[in-house]
């Protein structure tokens, strides 16, 4: 019938790709408790060095200094075509290369969001940059709920993706 939703054969229960849903969940959750001096931006270029820029999915930026305090990369799920991911952090670099690019840029906090192979929900790898070495240390892997005190107090209900 015209004007009514219908499910075509083979598409019943179709959901938007993981990458899109996870980006939305993370962006809205970061904004929910954002202090006034910080901004959340999507698809902003981050200068790594004189010749290289990376494009994380989400950044949290100090509004006064333009310093990126958190970069978030959402890794497309297996089988998801994502042309943006192919051009990020050095032209198709792998997760380790992308992580290193953000550390080189001096970004204090980096999160890599992947689809948990068991639950299909987001699984967040939280990294914090060691100022002495310039390298990231993994501080936790979060499923179901992400709760961290830095760069500001953030809580994300990762199961919320089920309702998007």
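Residue numbers (my numbering): 17 to 180.
Backbone N, C-alpha and C fix where the C-beta goes; we use that ideal spot for every residue, glycine too.
In the DSSP assignment, what residue or residues form a beta bridge with residue 128? On the chain shown, position 112 is the one that residue 128 refers to. Paired residue(s): 89 and 141.
Please name the residue, chosen from 138, 175 and 168, that lies closest to residue 157 on a Cα-to-Cα basis. Sequence index remark: in the chain shown, residue 157 carries index 141 (1-based). For residue 157, the nearest C-alpha among the options comes from 138.
Under 8 Å Cβ to Cβ from residue 104, same chain only, skipping five residues before and after it: list those, please. As a first step, residue 104 is located in the chain shown; it is residue number 88 there, counting from the start. Low per-residue confidence applies at residue 104: pLDDT is 42, beneath 50, and the placement is therefore not dependable, though the value from the model is reported in the following sentence. The answer, listed in chain order, is 70, 71, 72, 89 and 114.
Applying the criterion that 16 or more other CB atoms from any shown protein chain within 10 Å of the CB defines a buried residue, is residue 180 buried or exposed? Taking the chain shown and counting its residues from 1, the one referred to as residue 180 is at position 164. Result: exposed.
Leaving out five residues before and five after residue 143 in sequence, what residues of the same chain have Cβ atoms less than 6 Å from its Cβ? As a working mapping, residue 143 is identified with position 127 in the chain shown. Only 126, 152 and 154 meet the Cβ criterion.
Could you tell me the boundaries of the alpha helix (DSSP H) in which residue 113 lies? Walking along the chain shown from the start, residue 113 turns up at place 97. Membership of residue 113 in the alpha helix (DSSP H) is indicated by the continuous run 111 to 120.
Where do the N-terminal and C-terminal ends of the alpha helix (DSSP H) with residue 152 fall, by residue? As a position in the chain shown, residue 152 is number 136, starting the count at 1. Counting along the chain, residue 152 falls outside any alpha helix (DSSP H), though it belongs to the beta strand (DSSP E) covering 152 to 158.
Best match in 116, 135, 120 and 122 for proximity to residue 128 [C-alpha to C-alpha]: Mapped onto the chain shown, residue 128 falls at position 112. Closest option to residue 128, Cα to Cα, is 116.
Distance check for residue 87 and residue 76, CA to CA, integer angstroms please. Start at 1 with the first residue of the chain shown, and residue 76 comes out as number 60. Start at 1 with the first residue of the chain shown, and residue 87 comes out as number 71. Rounded to the nearest angstrom, the two C-alpha atoms are 7 Å apart.
Consult DSSP for residue 59 and reduce its assignment to one of helix, strand or coil. Translated into positions along the chain shown, residue 59 becomes position 43. In this structure, residue 59 counts as coil in the three-state DSSP scheme.
Leaving out the 5 sequence neighbours to the left and right, which residues in its chain are closer than 6 Å to residue 168 when beta-carbon positions are compared? Along the chain shown, one-based indexing puts residue 168 at 152. A distance below 6 Å between beta-carbons, with the five flanking residues on each side excluded, links residue 168 to the following residues of its chain, in chain order: 51.
Residue 35 burial status per 10 Å Cβ neighbour count (16 or more: buried): In the chain shown, counting from the first residue as 1, residue 35 sits at position 19. So residue 35 counts as buried.
With a threshold of 6 Å on Cβ separation, who are the neighbours of residue 145 within its own chain once the five nearest residues in sequence on each side are excluded? Within the chain shown, residue 145 is the residue found at index 129, counting from 1. Non-local C-beta neighbours of residue 145 in its own chain, meaning closer than 6 Å and more than five positions away in sequence, comprise 119, 124 and 152, ordered along the chain.
Contact check, residue 185 vs residue 177 under 8 Å by CB: the rounded distance? The question about residue 185 has no answer here: the residues shown for the chain are numbered 17 through 180.
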